[in-house]
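Student: Here the sequence shown is numbered in the working numbering, starting from 8 and rising by one per residue. Ideal Cβ positions, reconstructed from N, Cα and C, are used throughout, including at glycine. After the structure tokens below, expect a handful of questions from me.
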Amino acid sequence: MCEVLPLASPARVLVFEGADPIPNQQLDGQGEPWEIVRVRTIQEGLSRLQKEHFDGIYATTRDPKVWQRTWSLLQTDAILEVLDQGIAALHPDFSILWANSTFERWCGGQAKSRRFDEALGVHADLTLRTALLGRSVTTRLQRSDNQTLELRVMPLKDAAGKLLELIVMCRDISVEASRQQKLDRLQQAGRELAALSADQLADMDMSERVTVLKHNIRKLTHDLLHYDVIEIRLLDPETRKLVPLLAEGMTPQAACRELYARVDANGVTGYVAATGRSYVCTDTTNDPHYIEGAAGARCSLTIALTWGDRVIGTFNVESPQIGAFGEEDLQFAEIFCRELSSALHTLELLETEQRTATTKSIDAVSRQVALPVDEILTAATSILDRWIGHEPEMADKIKKVIVNARQIKQCILKVGEDLAPAAKPLAFQSAESPVRLKGKRVLVVDNDDRVRRSAHDILGRMGCVVETARDGNEAQTLAKVSQYDAVLADIRLPDLTGHEVYRALRQAQPDARVILMTGFGYDPTHSLVKARQEGLRFVLYKPFRVEQLLSALESPEGAQAAAV
């Protein structure tokens, strides 16, 4: 049996003979001038089909495997024509032997016989030469029209290992490449948000650094994310208030609106801050959470700024177009917000480091100056006590010495407050414990230098104005000419018992709170018992903790503070 294909004249026919030659009479073209091309293997036939034109194919049914394989190859060839991938077969000299329609569309027309680089508009010579060595190669190339192609080049060999052709499969990855480039730019730009050189850090205060950060945020959101309306708020962890950091394109009312991290009645921003979840409002007219931000906004995208497991703020953008923000916008915005959160954290660390370093420096100066100034103050007060009523002019001069001595310490503290940045410039960190003793004047009487120095250190940080005396006589002299809110006195002074110093101080400072201190309850003269009989309410037992000292200084008069 045989298959005869009716063909127009003249015709060129490819004949698959298989293992047995086909007699010429079976290929009778009924007198028509057919051109017969015989092949014995499928591989040879496929090669001829790729390189030459044929009007028909003939195969004997006595060898069905030949026919089935040939038909399968023809079907495959048809599939290759409609694939969205570009496919081409190249001669070892890199000229194109065959290409599917997708490849030819990228080439702008007929690709056959053209050199690969010239036809496709890429520089792939190195990649093709690597494939000639017998290895498959995958690379990424960009055309002059910015189309990015991923090329996979595979060598095709015969049974003996001889290279016959190169098969090139091309995939258009322009969208993927553009997306990856955008991701890379976002991450790189994010790392540069708060990046400052050592010289810049030395020359800039915190407000200037925040200004630089705002400028960088604006530039990145415009250039990379292409957002024109943005709002950034930072969360105060104590009040849960969302404090505006940056607003552009928002109405004045929206920019100044008070918002809190609450699920209800605080807009999408408050909802995101409360839940920590990103939120896409596709249509502002139908969203119960949305409160107007930008005039005419119909869509918004809000991201929670987080550090670790804490929400530290929100990032919000808006658009006049319904459904303007999709999954890709959400992903890019979340990546940007991770970098933004990191920049804010870095900025806060720098601010904290600067504040801590300044505070340490001021504390160190204060510790070194405190006791010498107290000695000047005590000596001047003692002299003043002698001259008052005898030599007014000398007394006035001594009073000026006392005033200036006190101002030395206050000036040091004032310099520290001016140099140290504000505690929460970005509403980013939780506030420190409230200063409850700021401005209170406290006299500490103790013969131990370490105790007096610690009093300056601890109470000074709480905002107290601290002065110290080494014995009862110095304490009495200071108490006569100065006013104090509280006096802390040890019961074991070199010149007076605890009871005596308590009585003297109460007499000199009737409105001050007098607190006695003792070590491990040691009281050989029973000073505490005697003083309690005269109204003592507050006793500190050394060593005491800071909170016990605070309690003694702040407890109501009817209470008794005892540190054990």
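1. With distances taken between CB atoms, is the gap from L308 to V318 smaller than 8 Å?
2. My output table needs one value for G274: the three-state DSSP class, helix, strand or coil.
3. With three or more C-beta pairs closer than 8 Å as the rule, is the region 494-505 touching the region 448-460?
4. Measuring CA to CA, which of D381, D271, L231 is closest to D294?
5. Quick one: give me the first and last residue of the alpha helix (DSSP H) that P259 is part of.
6. Confirm, please, whether the CB-CB distance from G274 to A311 is below 8 Å.
7. Round the Cβ separation of G256 and I239 to the nearest angstrom and send it over; I've been treating them as touching at under 8 Å.
8. What does DSSP give as the partner residue(s) for R159 in the beta ladder?
9. To the nearest angstrom, how far is the alpha carbon of F23 from that of D62?
10. Can you tell which of R147, H352, L535, T109 has its C-alpha closest to the C-alpha of L242?
11. Are the Cβ atoms of V129 and L173 separated by less than 8 Å?
12. Measuring straight from C-alpha to C-alpha, what distance separates V380 and V458?
13. Who are the near neighbours of D124 in its chain, counting only those whose CB is closer than 8 Å to its CB and skipping five residues on each side?
14. On the premise that I522 lies in contact with V494, defined as a C-beta separation below 8 Å, what is that separation, rounded to the nearest angstrom?
15. Among D191, K221, Y286, A166, which residue has its Cα nearest to the Cα of T48?
16. For R121 versus I94, is the C-beta distance shorter than 8 Å?
17. Quick one: give me the first and last residue of the beta strand (DSSP E) that D290 is part of.
18. According to DSSP, is T484 helix, strand or coil?
19. Keeping to the same chain, check which residues put their C-beta closer than 8 Å to that of I224; ignore five residues upstream and five downstream.
20. Report the option in E59, Q516, M469 whose CA atom is closest to the CA atom of D492.
21. Just how far apart, CA to CA, sit V488 and A261?
22. Just checking my contact of E42 with V20 at CB under 8 Å: how many whole Å lie between their CB atoms?
23. Which same chain residues end up closer than 8 Å to V536 when comparing Cβ atoms and leaving out the 5 residues on each side of it in sequence?
24. If you check the beta carbons only, do E481 and T385 fall under 8 Å apart?
25. If we ignore side chains and look at the alpha-carbon of each, how far apart do R552 and S461 end up?
26. Compare the beta carbon distance of G505 and T475 with 8 Å and say whether it is the shorter of the two.
27. Taking A340 and L232 to be in contact with their CB atoms under 8 Å, please state how far apart those CB atoms are, rounded to whole angstroms.
28. For E461, which of helix, strand or coil comes out of DSSP?
29. Please classify T134: is it buried, with 16 or more other beta-carbons within 10 angstroms of its beta-carbon, or exposed?
30. Give me the Cα-Cα distance between Q490 and R448, rounded to the nearest whole angstrom.
31. Could you please give me the residues that DSSP links to P251 through a beta bridge?
32. For L140, count neighbouring C-beta atoms within 10 Å of its own C-beta (all shown protein chains included) and say buried if the count is 16 or more, exposed if not.
33. Taking C-beta to C-beta, are K164 and L171 nearer than 8 Å?
34. From the DSSP output, read off the bridge partner residues of S54.
35. Measuring alpha carbon to alpha carbon, tell me which of G526, P550, R513 ends up nearest R544.
36. Taking Q149 as the reference, give the member of F110, V175, D179 with the closest Cα.
Tutor: Taking the coordinates as given:
1. Here L308 is not near V318, since their CB atoms are 8 Å or more apart.
2. The answer is helix: DSSP assigns G274 an H, G or I state.
3. With the cut-off at 8 Å, the region 448-460 and the region 494-505 touch.
4. The candidate whose alpha carbon is nearest that of D294 is D271.
5. For P259, the enclosing alpha helix (DSSP H) covers residues 259-263.
6. No.
7. Not a contact, Cβ separation roughly 12 Å.
8. Paired residues: T145, M176.
9. Each residue's Cα considered, the two are about 14 Å apart.
10. Among R147, H352, L535, T109, the Cα nearest to that of L242 is on H352.
11. Contact: no.
12. The alpha-carbon atoms of V380 and V458 are separated by roughly 16 Å.
13. Answer for D124: F101, H130, A131, D132, listed in chain order.
14. Contact check for V494 and I522: beta-carbon distance about 7 Å, within the 8 Å limit, so the pair qualifies.
15. With distances taken between Cα atoms, T48 lies closest to A166.
16. It is not a contact, given that the beta carbons lie outside the stated cut-off.
17. No beta strand (DSSP E) contains D290, which DSSP labels as neither H nor E.
18. It is helical.
19. Cβ within range, chain order: L200, I237, I239, L253, L347.
20. Selection E59, Q516, M469 evaluated against D492 yields Q516 as nearest (Cα-Cα).
21. Between the alpha carbons of V488 and A261 lies a gap of roughly 57 Å.
22. That belief holds up - the Cβ atoms of E42 and V20 are roughly 7 Å apart, short of 8 Å.
23. These residues qualify, in order along the chain: D530.
24. For the pair E481 and T385, the CB atoms are nearer than the 8 Å cut-off.
25. Each residue's Cα considered, the two are about 12 Å apart.
26. Cβ atoms of G505 and T475: not closer than 8 Å.
27. Going by Cβ atoms, the distance from A340 to L232 rounds to 7 Å, so yes, they are a contact pair.
28. In the sequence as displayed, the identity of residue 461 is Ser instead of Glu. In this structure, S461 counts as helix in the three-state DSSP scheme.
29. Of the other Cβ atoms in all chains shown, 16 or more fall within 10 Å of the Cβ of T134; this residue is therefore buried.
30. Approximately 8 Å, taken between the alpha carbons.
31. Answer by DSSP bridge pairing, in chain order: R240.
32. That one is exposed.
33. Yes, Cβ-Cβ distance for K164 and L171 is below 8 Å.
34. None, per the DSSP bridge assignment.
35. For R544, the closest of G526, P550, R513 by C-alpha to C-alpha distance is R513.
36. Answer by Cα proximity: D179.
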